[in-house]
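Step one of this worksheet: look at the structure below.
2 protein chains.
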Amino acid sequence: MKVQTLKAIQHSGHDQDTVHTAGWIRTIRKSKNVSFFELHDGTQLSTTQCVVDNTSALSQVVDTLTLGSCVRLTGILKTGLDGKHHMEIHVKDLWVEGIADDDFPLQKKRHSFEYLRTIPHLRARTNTFNAVFRTRSILTRAIQNFLYDHDFVYIQAPAITTTDAEGGGEVFRITTLNPEKDHQHFADDFFKKTAYLSVTGQLNLEPFITGFRNVYTFGPSFRAEKSNTSRHVAEFWQVEPEMAFVGLEEMMDIIEAMTKYIITFTLKHAPDEMVFFDTFIEKGVLEKLHATVQEPYARITYTEAISRLEEHADCFKVPTTWEGGLLSEHEHFLTDVIYKKPVFVTDYPKEQKAFYMLVNDDQKTVGATDLLFPKIGEVVGASERESRHDVLKQRILECGLDLDTYQWYLDTRRFGTCQHSGFGIGIERLLRYITGMENIRDVIAYPRTPGSAEF
Amino acid sequence: MKVQTLKAIQHSGHDQDTVHTAGWIRTIRKSKNVSFFELHDGTQLSTTQCVVDNTSALSQVVDTLTLGSCVRLTGILKTGLDGKHHMEIHVKDLWVEGIADDDFPLQKKRHSFEYLRTIPHLRARTNTFNAVFRTRSILTRAIQNFLYDHDFVYIQAPAITTTDAEGGGEVFRITTLNPEKDHQHFADDFFKKTAYLSVTGQLNLEPFITGFRNVYTFGPSFRAEKSNTSRHVAEFWQVEPEMAFVGLEEMMDIIEAMTKYIITFTLKHAPDEMVFFDTFIEKGVLEKLHATVQEPYARITYTEAISRLEEHADCFKVPTTWEGGLLSEHEHFLTDVIYKKPVFVTDYPKEQKAFYMLVNDDQKTVGATDLLFPKIGEVVGASERESRHDVLKQRILECGLDLDTYQWYLDTRRFGTCQHSGFGIGIERLLRYITGMENIRDVIAYPRTPGSAEF
Chain A
182 MKVQTLKAIQ HSGHDQDTVH TAGWIRTIRK SKNVSFFELH DGTQLSTTQC
232 VVDNTSALSQ VVDTLTLGSC VRLTGILKTG LDGKHHMEIH VKDLWVEGIA
282 DDDFPLQKKR HSFEYLRTIP HLRARTNTFN AVFRTRSILT RAIQNFLYDH
332 DFVYIQAPAI TTTDAEGGGE VFRITTLNPE KDHQHFADDF FKKTAYLSVT
382 GQLNLEPFIT GFRNVYTFGP SFRAEKSNTS RHVAEFWQVE PEMAFVGLEE
432 MMDIIEAMTK YIITFTLKHA PDEMVFFDTF IEKGVLEKLH ATVQEPYARI
482 TYTEAISRLE EHADCFKVPT TWEGGLLSEH EHFLTDVIYK KPVFVTDYPK
532 EQKAFYMLVN DDQKTVGATD LLFPKIGEVV GASERESRHD VLKQRILECG
582 LDLDTYQWYL DTRRFGTCQH SGFGIGIERL LRYITGMENI RDVIAYPRTP
632 GSAEF
Chain B
182 MKVQTLKAIQ HSGHDQDTVH TAGWIRTIRK SKNVSFFELH DGTQLSTTQC
232 VVDNTSALSQ VVDTLTLGSC VRLTGILKTG LDGKHHMEIH VKDLWVEGIA
282 DDDFPLQKKR HSFEYLRTIP HLRARTNTFN AVFRTRSILT RAIQNFLYDH
332 DFVYIQAPAI TTTDAEGGGE VFRITTLNPE KDHQHFADDF FKKTAYLSVT
382 GQLNLEPFIT GFRNVYTFGP SFRAEKSNTS RHVAEFWQVE PEMAFVGLEE
432 MMDIIEAMTK YIITFTLKHA PDEMVFFDTF IEKGVLEKLH ATVQEPYARI
482 TYTEAISRLE EHADCFKVPT TWEGGLLSEH EHFLTDVIYK KPVFVTDYPK
532 EQKAFYMLVN DDQKTVGATD LLFPKIGEVV GASERESRHD VLKQRILECG
582 LDLDTYQWYL DTRRFGTCQH SGFGIGIERL LRYITGMENI RDVIAYPRTP
632 GSAEF
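Protein chains in written order, with the working numbering: chain A, 182 to 636; chain B, 182 to 636.
Encoded structure:
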């Protein structure tokens, strides 16, 4: 007998239908004549009430059930009910698939997020994390839709690289050697040289614009930063689009349209989850998101931003200077206090940014922008790329990078170079903005942080 | 001025429209009164003919152009032409974005796939690889659609793991230690223990069925196998769905529906590319694929397969035995000679398969299936999972694995276990079947193989 989903029953079931379904017990309650349990099968956030007649033999089965146990059942559907339960199932047959042992960690009380982080394999069985991970899935669908609808070709950039990407250090080595043995040589390693986990797919992606014009990569990126904060993890996902014949202004239009599309799509396709976040995680998040998609984002140059912030010098631990860059407190002041919405900051000092960004005519700034979101900070990093071969080569040298490593990348500028731009969206950060979840560890299935990659 | 795509012009342009577009030069030809060049902008496989009047000043610009160079232009659209060119553009203005240096490797001749593998960053600029990578992108869209339409929740399983997955060895270590230095301790490493690149997302994914019922992961997987064959790479992508309340038979129905959906979607959405493959890569591939989606796949048990193959013992270098397993030549005989279509082989000897597969009542076989495709071999690996706690624990011990490592995985069987099944599709292998490309290195943007992770 095929197991119907509770979502399908909810959407197309009729009163008095016989249904066959299955799921996990969220609560059990016994009264004089009947027993109730709430069933959750993962196809929707809400549970379905199931009723068992205490005079039936099934009542004894109910007595054996514990929270978290898995059952299959056949029953009669009752619809058109009031209040919390729009439907319930009157159970006629009940089979136990799996009893949950007594030490099932998710008992009927509120558990702290810290505690739930110690059981990442179980936390999707709580309402909060069930809502978070379904919303994450819907957010990725929005990303895929937007890029497909705009004719982007999906290239999977490799996770393994021998290019030390942006020269930022903080990379993981990958090896088949064993560092616990004595001195070995990378020449004997699997790739016959030092290999790393990629920090970005951008460099690998850029050459593909000359084949497809608009391309993107979407996969995991890695940072070996020993930062134990609510914003840092060693493995995260980013989507990185790259576009030929697009400059900074047009790219900002695209970024704004894309992030607004993602938010709108999520609001529409995760309505129960979004109400849940608004009620339990961040009061007012729905209103915030509706405002975000309705108003144009602010756009301000880095130099203007510094000037505006200098007017509020007494608000900061570290006052702003042009050379000093925007610290977190400055970014938050821009988004949370001055503009109260997402802000594009453009044209950063070139010393603060990567070698591949377009050097502006002033020779001091680059054609880059960070999109900052209230409370979150940078969610999108973007730039027009330096398409001039000689300038790019000069920048690689200036930044102290190894020219040999980048010969193939420089090829892009030798064989039909063109104006092009690209950006990266850290999906965990955008997801934090959408859900109101404060810690990045709570929007990743199995977060990897210093000293922690169990499970 | 916004740059129009050649695809958009082709679809909605009218005769005598003024158009503004850009792209890369594929061929140049000069005749007495006019010059012609073929422009490719990546939005479609075909090129667009552009015509320049030799009496205009633009003729001198054309004289500077080389193959691979990038230009922008404004021109008048001529439609309704015959033959290969349904439209052409009469150029009125022409700007050079980037000249291709004389050593541009893709000159007007046929290059071998071996040679093109040495320039992975440029090969999408050839027709073959342009068709391959666009088809790959469309194939991933088909996967996303099928799973979204069937209410699967997308969980990103981590690439970094400290679980030695299936105990198969052949894994990459990831580390912030330096093996070129003397003896070090993994206790000092970033994760404070030995960490690996994941060979499968399955173990991390399984617990999420109790939150969502149907889930999947889709990302890179890694193998440190030192096999230099046309079928092996160190980094590849697989999609791994996992479903509660589904057994082997129903899962085979789902796998058959999903692979047929992917092929049908690709035929529909990459029509030009598929004609190209049929003409230049594998004659008859279109007919083959149409047959694949129309006929039911064969289903045969492992034991039956061995019997059938024993009838043809003289066809094989290594004759089949029940204990010896199905070698490549045996698999190919099943798909290419006996059935001439995809074949599900089910119920393999448990010694040949992983610890997490359902032990059948005969105690000798497991509820697993490999889906074999003609010429390619295994494209999908699948099994009903062993949901019984005690049996699973016993299997872990039998396979000589460390029980401590799998305690969290065993939790799934202690806290509301249920019948469940899952499978993995290696997308490169399916893509080889669809495109006719013979070498896995030729369907991956930047293939990683022993001794090779440049670019």
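Just so you know, even glycine gets a beta-carbon here, dropped at the ideal spot from N, CA and C.
Since the model is a prediction, treat every value here as computed from it, not as a measurement.
Anything in chain A within Cβ reach of residue i, meaning under 7 Å, just list it in chain order.
i: Gln365 of chain B; result: Pro360, Glu361
i: Leu258 of chain B; result: In chain order: nothing, as chain A lies at least about 18 Å away.
i: Tyr329 of chain B; result: Arg322
Going by the CB atoms, is the gap between residue j and residue i shorter than 7 Å?
i: Thr502 of chain A; j: Gly279 of chain B; result: no
i: Glu416 of chain A; j: Arg622 of chain A; result: no
i: Phe554 of chain A; j: Pro530 of chain A; result: no
i: Val607 of chain A; j: Gln325 of chain A; result: Inspection of the sequence shows that residue 607 of chain A is occupied by Gly rather than by Val. Their beta carbons are not under 7 Å apart, which means Gly607 of chain A does not touch Gln325 of chain A by this criterion.
i: Ser411 of chain A; j: Asn620 of chain A; result: yes
i: Val242 of chain A; j: Glu269 of chain A; result: no
i: Lys429 of chain B; j: Gly506 of chain B; result: Per the sequence presented here, residue 429 of chain B reads as Leu, with Lys not at that position. The answer is no: Cβ separation not under 7 Å.
i: Asp196 of chain B; j: Thr260 of chain B; result: yes
i: Phe596 of chain A; j: Gly249 of chain B; result: yes
i: Leu258 of chain A; j: Val184 of chain A; result: no
i: Leu275 of chain A; j: Leu328 of chain A; result: no
i: Ile319 of chain B; j: Ala451 of chain B; result: yes
i: Ile462 of chain B; j: Gly617 of chain B; result: yes
i: Lys373 of chain A; j: Thr343 of chain A; result: no
Please name the residue in the options whose C-alpha comes closest to that of residue i.
i: His302 of chain B; options: A:Leu320, A:Asp369, A:Phe389; result: A:Phe389
i: Lys574 of chain A; options: A:Glu565, A:Ser564, A:Thr586; result: A:Thr586
i: Gly334 of chain A; options: B:Asp330, B:Ala312, B:Phe333; result: The displayed chain sequence assigns Val, not Gly, to residue 334 of chain A. Looking at the Cα atoms, B:Ala312 is the closest of the given residues.
i: Arg594 of chain A; options: A:Ser568, A:Ser402, A:Val427; result: A:Ser568
i: Pro339 of chain A; options: A:Val352, A:Phe399, A:Lys213; result: A:Phe399
i: Ile336 of chain B; options: B:Glu219, B:Gln288, B:Gln383; result: B:Gln383
i: Leu467 of chain B; options: B:Tyr478, B:Glu454, B:Lys362; result: B:Glu454
i: Asp517 of chain A; options: A:Lys556, A:Ala549, A:Leu539; result: A:Lys556
i: His601 of chain B; options: B:Val624, B:Phe446, B:Phe403, B:Pro422; result: B:Pro422
i: Trp589 of chain B; options: A:Glu609, A:Thr255, A:Arg304; result: A:Arg304
i: His267 of chain A; options: A:Ile435, A:Asn359, A:His192, A:Ser402; result: A:His192
i: Gly581 of chain B; options: B:Arg317, B:Ala535, B:Val540; result: B:Ala535
i: Ile206 of chain A; options: A:Val184, A:Lys183, A:Ile487, A:Lys289; result: A:Lys289
i: Thr224 of chain A; options: A:Glu635, A:Leu187, A:Ala494; result: A:Leu187
i: Thr391 of chain B; options: A:Gly562, A:Ile577, A:Leu287, A:Ser237; result: A:Leu287
i: Glu504 of chain A; options: A:Ile487, A:Tyr520, A:His493, A:His513; result: A:Ile487
i: Leu515 of chain B; options: B:Leu539, B:Ala494, B:Gln533; result: B:Ala494
Using a Cβ cut-off of 9 Å, pull out every chain A residue sitting near residue i, in sequence order please.
i: Ser250 of chain B; result: Phe596, Gly597
i: Val572 of chain B; result: Under the 9 Å cutoff, chain A gives no residues; its nearest Cβ is about 13 Å from Val572 of chain B.
i: Trp418 of chain B; result: Gln337, Gly400
Using a cut-off of 7 Å between C-beta atoms, extract the partners of residue i located in chain B.
i: Leu584 of chain A; result: Going along chain B, no residue has its Cβ under 7 Å from Leu584 of chain A, so there is no contact; the nearest lies around 15 Å.
i: Thr342 of chain A; result: Ala634
i: Lys708 of chain A; result: Past the boundaries of the shown model lies residue 708 of chain A; chain A is included only from 182 to 636, so the question cannot be answered.
Taking Cβ-Cβ distances shorter than 8 Å, what residues in chain A pair up with residue i?
i: Tyr335 of chain B; result: Arg317, Ser318, Thr321, Arg322
i: Phe393 of chain B; result: Gly223, Thr224, Ala305, Asn311, Phe314, Arg315
i: Tyr296 of chain B; result: The contacting residues do not exist; Tyr296 of chain B stays about 15 Å from chain A at best.
i: Lys188 of chain B; result: Asp332
i: Ala438 of chain B; result: Within 8 Å Cβ-Cβ: nothing; Ala438 of chain B doesn't reach chain A, min ~14 Å.
For residue i, go through chain B and note every residue whose CB falls closer than 9 Å to its CB, in chain order.
i: Ala626 of chain A; result: Ile336, Gln337, Ala338, Pro339, Asn385, Leu386, Phe389, Thr398
Kindly list, in the order they appear in chain B, the residues whose Cβ is closer than 8 Å to that of residue i.
i: Ala203 of chain A; result: Ala425, Phe426, Cys599
i: Ile519 of chain A; result: Under the 8 Å cutoff, chain B gives no residues; its nearest Cβ is about 32 Å from Ile519 of chain A.
Is residue i near the ligand COA - that is, is its Cβ less than 6 Å away from at least one heavy atom of it?
i: Thr445 of chain B; result: The ligand COA is absent from the structure shown, which contains no ligand whatsoever.
* To do: Determine which residues of the segment 305–324 of chain B have a Cβ less than 8 Å from any Cβ of chain A, and write them out in chain order.
  => Ala305, Arg306, Phe310, Asn311, Phe314, Arg315, Arg317, Ser318, Thr321, Arg322
* Asked: Given a limit of 8 Å on CB to CB distance, which residues of the segment 452–482 of chain A reach chain B?
  -> none
* Asked: Along the chain, which unbroken stretches of the beta strand (DSSP E) at least 3 residues long are found entirely within the segment 237–269 of chain A?
  -> 251–260
* To do: At 3 residues or longer, and completely inside the segment 469–534 of chain A: list those beta strand (DSSP E) runs for me, N to C.
  => 479–482, 524–527
* Asked: For the segment 576–620 of chain B, which segments carrying the alpha helix (DSSP H) assignment without a break, of at least 4 residues, lie completely within its bounds, in sequence order?
  -> 588–595, 608–616
* In the segment 398–461 of chain A, which residue ranges form an unbroken alpha helix (DSSP H) of at least 4 residues, counting only runs that do not cross its ends? -> 429–450, 452–457
* Asked: What are the residues of the segment 280–296 of chain A that lie near chain B, defined by any Cβ-Cβ distance shorter than 9 Å?
  -> Ile280, Ala281, Asp282, Asp284, Phe285, Pro286, Leu287
* Asked: Quick one: complete alpha helix (DSSP H) runs, 4+ long, within the segment 279–337 of chain A?
  -> 294–298, 308–330
* Length at least 3, wholly inside the segment 335–396 of chain A: the beta strand (DSSP E) runs in chain order -> 354–356, 376–378
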